[in-house]
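Participant: In mature numbering (1 follows the signal peptide of the UniProt record, and there is no 0), the protein residues as written are -24 to -1, 1 to 334. My questions will all concern the structure given below.
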């Protein structure tokens, strides 16, 4: 099945899967409030604050979805877009058999369901970055937790409709694996997260065996990301990860999320020359091939990797690309650093900020 375009650049944050404990990842202070009445009051206020304007009619819902589904710089707009898309899907019948779908001319319904699910996966990524970017005061923690729960509930409903297609449609299997990984990054008990990762690994291995090129090489990318961050005793394999990520890069050479993960893997294996070659390639990629927010974020991260690789000039070039895209798209989130120990994000010893290239 074709025609998706690049619906998401998923799991640039995959390395968090086995990083800090879930309690640390969520950053939520809700657990510190034992008073259920207080929790309920904050939750009700958050629900009112994030409620989306009511839209009626399938065509209007899909138009609203299309308008903001890729607005990664605005979690409120993107949250409403995904809600509108999910509501529109309620009116679409989804055949459970591909042959029947072709016979009844309903393959577009399948395509649209997968696109709406893909947008939810993007939204999980946006929310995950919001958890990392903000001090988790009670209001923000409540809002993000509620947004995450709502997105997961909508995605579960979509997956219930898509699941019957998984045995016959590699793209559906890939999106199920991506959903299992993305939706459990936050607000998930460790045992549930571990079960989801194991199920996703199984789906990814099957999908790659079926069609490694599906969704622009998403299977090799996701499996490579997971194998790169898993410890060896849990099945991690950095060399296998590099092979998969190189395959993903060959299939989708303009995807900066592939560069991001593969450069990290090269540096971890002291393959500095390969890392630098890939970083130079990343710097040459046309920004129009990426979501502008993804491009700005990746240029910042890749610039940091260039510094690690001993290439400050290349890091400055990437910083220039990032400045240019931010200037051209003033609506983007510049991802300012959080204040650290009262020093406004600067190192308290050197006085320099983490992305200071001078």
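The beta-carbon is built from N, C-alpha and C at its ideal position, and this holds for glycine as well. Just so we're clear, the structure is a prediction, and the values are computed from it rather than from any experiment.
Taking just the CA atoms, how far does residue 61 sit from residue 286?
Facilitator: 45 Å
Participant: Please report the distance separating the alpha-carbon of residue 11 from that of residue 136.
Facilitator: 35 Å
Participant: Note down the Cα distance separating residue 118 from residue 163, rounded to an integer number of angstroms.
Facilitator: 11 Å
Participant: Distance check for residue 238 and residue 244, CA to CA, integer angstroms please.
Facilitator: The straight-line gap from Cα to Cα measures roughly 10 Å.
Participant: If you draw a straight line from the C-alpha of residue -3 to the C-alpha of residue 159, how long is it?
Facilitator: The predicted model places residue -3 with a pLDDT of 38, which falls under 50 and marks its position as unreliable, so this point remains unresolved.
Participant: Quick one: Cα of residue 174 to Cα of residue 303, how far?
Facilitator: 42 Å
Participant: At what residues does the alpha helix (DSSP H) containing residue 34 begin and finish?
Facilitator: Run containing residue 34: 34 to 44, per the alpha helix (DSSP H) assignment.
Participant: Which value, in whole angstroms, describes the spacing of the CA atoms of residue 148 and residue 139?
Facilitator: 7 Å
Participant: Can you name, in chain order, every residue of its own chain whose Cβ lies under 6 Å from the Cβ of residue 75, other than the five neighbours on each side?
Facilitator: Caution applies to residue 75, whose pLDDT of 46 falls short of 50 and renders its modelled position unreliable; the model cannot decide the point.
Participant: In its own chain, which residues sit with a C-beta less than 6 Å from the C-beta of residue 37, not counting the 5 before and 5 after it?
Facilitator: 31, 60, 63, 64
Participant: Measuring only the C-alpha atoms, how far is residue 209 from residue 180?
Facilitator: Their backbone Cα atoms lie some 19 Å apart in a straight line.
Participant: When burial is assigned at 16 or more other CB atoms within 10 Å of the CB, is residue 55 buried or exposed?
Facilitator: With 16 or more other Cβ atoms inside 10 Å of its own Cβ, residue 55 counts as buried.
Participant: If I measure Cβ to Cβ from residue 284 and keep anything under 7 Å in the same chain, skipping five residues before and after, which residues do I get?
Facilitator: 243
Participant: Rounded to whole angstroms, what's the CA-CA distance from residue 338 to residue 248? Just pull it up for me.
Facilitator: What the structure shows of the chain is the stretch from -24 to 334, and residue 338 is not part of that stretch, so it cannot be assessed.
Participant: With the cut-off set at 7 Å, would you say residue 258 and residue 290 are in Cβ contact?
Facilitator: Not in contact: residue 258 and residue 290 (Cβ atoms no closer than 7 Å).
Participant: Are residue 217 and residue 193 touching if we call contact CB-CB under 7 Å?
Facilitator: no
Participant: If we count the other Cβ atoms within 10 Å of its Cβ and call it buried at 16 or more, is residue 264 buried or exposed?
Facilitator: exposed
Participant: Which residues in the same chain have their Cβ closer than 8 Å to the Cβ of residue 51, if we skip the five residues on either side of it in sequence?
Facilitator: 99, 102, 103, 106, 123
Participant: In three-state DSSP terms, what is residue 142?
Facilitator: coil
Participant: What's the C-alpha gap between residue 182 and residue 308?
Facilitator: 37 Å
Participant: Can you give me the start and stop residues for the alpha helix (DSSP H) that residue 171 sits inside?
Facilitator: Unbroken alpha helix (DSSP H) run through residue 171: 166 to 186.
Participant: Are there 16 or more other CB atoms within 10 angstroms of the CB of residue 344, so buried, or fewer, so exposed?
Facilitator: Residue 344 lies beyond the range of the chain shown here (-24 to 334); nothing can be said about it.
Participant: Taking the alpha carbon of residue 220 as the point to measure from, which residue in 157, 130, 184 has its own alpha carbon closest?
Facilitator: 184
Participant: Within its chain, find whatever has a CB closer than 7 Å to the CB of residue 18; leave out the 5 residues flanking it on each side and keep chain order.
Facilitator: Contacts found: 114, 115, 118.
Participant: Helix, strand or coil: which one does DSSP assign to residue 28?
Facilitator: coil
Participant: For residue 288, which three-state DSSP category applies?
Facilitator: Secondary structure at residue 288: helix, using DSSP grouped into helix, strand and coil.
Participant: With a Cβ-Cβ cutoff of 7 Å, do residue 172 and residue 95 count as a contact?
Facilitator: no
Participant: When burial is assigned at 16 or more other CB atoms within 10 Å of the CB, is residue 25 buried or exposed?
Facilitator: exposed
Participant: Assuming residue 176 and residue 156 are in contact, meaning their beta carbons sit under 8 Å apart, how far apart are those beta carbons, in whole angstroms?
Facilitator: 4 Å
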